[in-house]
Every structure is written in structure tokens, then in C-alpha cells.
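Student:
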Amino acid sequence: MTLTTPSENIKLSAIIPMYNAGAMFRNFMDSLVAQTLDSLEIIIVNDGSTDGSEQVAQEYAEKHSHIRVITQENGGVSRARNAGLDIARGKYVTFPDADDILYPDMYKTLIEMCEQDDLDAAQCNGERYFVGSEKVKPLIPEDRLTSTSVLDGPLWLKTALATNRYLHVVWLGVYRLELIKKQGLYFEPDLHHQDIPWTTEFMFNARRVRYTQTILYRYYIHGQSISNQKRTGMKNVEYQRHYLKIARMLDELNERYKDKIKIYAEFPRQVTREALTVCHSVRREPDPAAQKAMIADIYTSGTRKIMLRNARGPKQWWQLLLWLKRLHNLRKKLA
1 MTLTTPSENI KLSAIIPMYN AGAMFRNFMD SLVAQTLDSL EIIIVNDGST DGSEQVAQEY
61 AEKHSHIRVI TQENGGVSRA RNAGLDIARG KYVTFPDADD ILYPDMYKTL IEMCEQDDLD
121 AAQCNGERYF VGSEKVKPLI PEDRLTSTSV LDGPLWLKTA LATNRYLHVV WLGVYRLELI
181 KKQGLYFEPD LHHQDIPWTT EFMFNARRVR YTQTILYRYY IHGQSISNQK RTGMKNVEYQ
241 RHYLKIARML DELNERYKDK IKIYAEFPRQ VTREALTVCH SVRREPDPAA QKAMIADIYT
301 SGTRKIMLRN ARGPKQWWQL LLWLKRLHNL RKKLA
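Positions 1 to 335 (full-length UniProt numbering) are the ones given, in order, by the sequence shown.
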């Protein structure tokens, strides 16, 4: 479909990777087309869906001139987002998930924040909705973080990480496309939780960022999402390798930007925190062979040195030294 809004007037491009979105996709799309922002471009990237999601997306595109659908072979969320970035025409971009729900004023609120303060990014709060129990909890409790004034990107990231409740997710914010293009900030292919290094590097380059504590996004917790699937055995080994890579990428980002921005203590601490998630997974893993493989990955990847180099504060140092002792003993036991 042809967009009715000239490209120079498009305020926001919403890029949606779609792979077998399932029964919740219509609810998501209804919340997206109900957005009160009057200059929104919607780009649905069909990532090789086989469940009929593409037909549903085409239905919406036929009814709404500001929606377009592109199709590619299945290549994962990162490649789908990158494909959307290549054709996006909005001043800002965002990346909602196709199985969540947006509050009607979400994008109007965030874009108005951007226009008022010439922001590179605006972020809001969201809520977890637990499918089954129907419980709802804020993603970031207000006693941890309230609405901020305009901050530079590194200071905003430092402030958010200090809460210990911040999620490195792209779907809670809008981001200036010009900055993304200028810095070549594309998503890492074939990496789960690629939002973590992406949001980190974006904030390292952002001049002006603001956060509102208003809850404008509902994140559904269910067994179908990649991040909430329970894995054991070699599937778990493969999955934890993504966290090891993320820790390495964050470490490299801190090194690359150390002469450009202030590297707050929260940045290296986050490196060790991400790597420690693999240690926790080792303890929970019921398969000894998988435990052995994960420990071997930690040793051979150099992650032990990375954690030691980046640990900050007595609490994290205590956790790290305890885990290194546990890993050493478990490695000898499984040998």
C-alpha cells in the first residue's frame, strides 16, 4: 500500500519482526492501528512465517494505508529489524513485539517528549502480564526509577542500570533514525537478546534522553516466547553461549568508547552480571554433560578473565569469587 503521509512528515516508523505470531497477533495489530499518533509508518517484516500470520498482516495492510509488509526468508529477529531499518522513513523508529499490546497513547506520548526536548530517545515504563495467573507487575517499580529530566545517554544508562530492574529492550522506546544510520547501529544477527548490546551502544552515542514512569506497554509472559522457554541439555548450552557473547560484546564496547564517554561503574558491572547468568544456569542444569559443556565454554571463551576485569563493588565481587570456586569444584567433579 502507498503511504498517505509524505516521508518527510513521518514522525515514527514502527518495525515489527513477525515469525509465526500466532493467536495474539490480531490483538497486537489492533493496538497498533489504534495509536493516537497521527504520523505513524508501520513496517511488518514477515520473517518466513508458516502459520498464516502473513495473510493476517496483509489484511491489515489492505485496510490501512500506513502499513506495509515485506517478506524475507527466516533469518531471525535481528535480520528482520535490520531489513526494516533499511526502508524506514520516520524521524524516529521503534521495535514492538508482535505478541504484546500497546496503550493507545504510547507513541504520541513518546514522540511529544522527543519534539519538546529534541531527544535522541524517549522511553516509557511497561508492565508484565502473566498469562494464566493474569497477574500484572510493572517492569520497573517506581520506587526504583521515576520520570527523569533530559539526560545524556551514558548518564541515563548509568541511572537505569543502577536500579537493578532495567531491561535492555528496544520496545519501550523510540530512537532517532538519523543517529542509528550515522553510527551504523544495526542488530547482531543470530544473537538472542541482541537488544542488550544494541541499546548500550545507542545510549553511548545519544546526547539527549528522557524517561517517563508512565506504563504504556504490556509485555506478555508465556511459554511461547524465546526468552521464556525452559531449556535443558545441549539446547541450554547453545542458549547460554549467547550470554557469553553478549558479555564479550559489552566488554568490547566499554573498551572502544572509554576515550569518548565516561565509563560509569555500572557499565563494567553489567558485563559481569550478564556472564554470571550463565553460572546460575550451570547450577540449575540437570544434565551433567551439559553442565560440563557450559563450564568448558566459560573457561575456553575467556569469560573468567572478563568477569574478573569488570566486577565492581563488594557484593558483586563476593558473588563472583563464590561462583568461580563453585565452577572450579564442579569442573573437577565432572572431569
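For every residue, glycine included, the Cβ atom is placed at its ideal position computed from N, Cα and C.
Determine the closest residue to Lys-108 out of Thr-94, Asp-100, Ala-98, Asp-99, with distance taken between C-alpha atoms.
Tutor: As a first step, residue 108 is located in the sequence shown; it is residue number 108 there, counting from the start. It is Thr-94 whose Cα lies nearest to the Cα of Lys-108.
Student: Determine whether the beta carbon atoms of Thr-232 and Ser-147 lie at a separation below 9 Å.
Tutor: Stepping through the sequence shown from its first residue, residue 232 is reached at position 232. Stepping through the sequence shown from its first residue, residue 147 is reached at position 147. No, the Cβ-Cβ distance between Thr-232 and Ser-147 is not below 9 Å.
Student: Note down, in chain order, each residue of its chain lying with its Cβ closer than 8 Å to the Cβ of Leu-119, except the 5 sequence neighbours on either side.
Tutor: Against the sequence shown, residue 119 aligns to sequence position 119. Contacts found: Met-113, Val-150, Arg-176, Arg-208, Val-209, Arg-210.
Student: Quick one: Cα of Gln-58 to Cα of Ala-23, how far?
Tutor: On the sequence shown, position 58 is the one that residue 58 refers to. On the sequence shown, position 23 is the one that residue 23 refers to. Taking the straight line joining both Cα atoms gives about 16 Å.
Student: For His-280, which residues of its own chain have a beta-carbon under 6 Å away from its beta-carbon, when the five flanking residues on both sides are left out?
Tutor: Position 280 of the sequence shown, counting from 1, holds the residue named residue 280. Within the same chain, His-280 has no close Cβ partners at all.
Student: So who's on the other strand from Met-18, going by DSSP bridges?
Tutor: As a position in the sequence shown, residue 18 is number 18, starting the count at 1. Partner(s): Asn-46.
Student: Between the alpha carbons of Asn-9 and Asp-195, how many angstroms are there, rounded?
Tutor: Looking up residue 9 in the sequence shown gives position 9. Looking up residue 195 in the sequence shown gives position 195. Computed Cα separation, rounded: 28 Å.
Student: By how many angstroms is the C-alpha of Leu-167 removed from the C-alpha of His-193?
Tutor: The residue labelled residue 193 in the question sits at position 193 within the sequence shown. The residue labelled residue 167 in the question sits at position 167 within the sequence shown. Taking the straight line joining both Cα atoms gives about 10 Å.
Student: Within the chosen definition, does the stretch 153-160 reach the stretch 195-205 through at least 3 CB pairs nearer than 8 Å?
Tutor: Because the criterion of three Cβ pairs below 8 Å is met, the stretch 153-160 and the stretch 195-205 touch.
Student: Which residues share a DSSP beta bridge with Cys-124?
Tutor: On the sequence shown, position 124 is the one that residue 124 refers to. Looking at the DSSP assignment, Cys-124 forms a beta bridge with Thr-212.
Student: Just grab the DSSP bridge partners of Tyr-129 for me.
Tutor: Residue 129 sits at position 129 when you count from the first residue of the sequence shown. Val-136, Tyr-220.
Student: Please work out which residues of its chain come closer than 8 Å, Cβ to Cβ, to Met-18, disregarding the five sequence neighbours upstream and downstream, and give them in chain order.
Tutor: Within the sequence shown, the letter at position 18 stands for residue 18. Excluding residues within five positions, the ones whose Cβ falls inside 8 Å are Phe-25, Ile-44, Val-45, Asn-46, Asp-47, Ser-49, Ser-53, Glu-54, Ala-57, Ala-80, Ala-98.
Student: Where Gln-319 and Arg-165 are concerned, what is the direct C-alpha to C-alpha distance, given to the nearest angstrom?
Tutor: The residue you call residue 319 lines up with position 319 of the sequence shown. The residue you call residue 165 lines up with position 165 of the sequence shown. One C-alpha to the other measures close to 18 Å.
Student: What is the DSSP secondary structure of Ser-301, reduced to helix, strand or coil?
Tutor: Taking the sequence shown and counting its residues from 1, one reaches residue 301 at position 301. Three-state DSSP puts Ser-301 in coil, outside helix and strand.
Student: Would Gln-291 and Leu-330 be called neighbours here (beta carbons separated by less than 9 Å)?
Tutor: By one-based count along the sequence shown, residue 291 stands at place 291. By one-based count along the sequence shown, residue 330 stands at place 330. Their beta carbons are under 9 Å apart, which means Gln-291 touches Leu-330 by this criterion.
Student: So Ser-13 and Arg-89 are in contact, right, with Cβ under 8 Å, and what is the actual spacing, rounded?
Tutor: What you label residue 13 is simply residue 13 of the sequence shown in a count that begins at 1. What you label residue 89 is simply residue 89 of the sequence shown in a count that begins at 1. Right, the Cβ-Cβ distance comes to about 6 Å (below 8 Å), so this counts as a contact.
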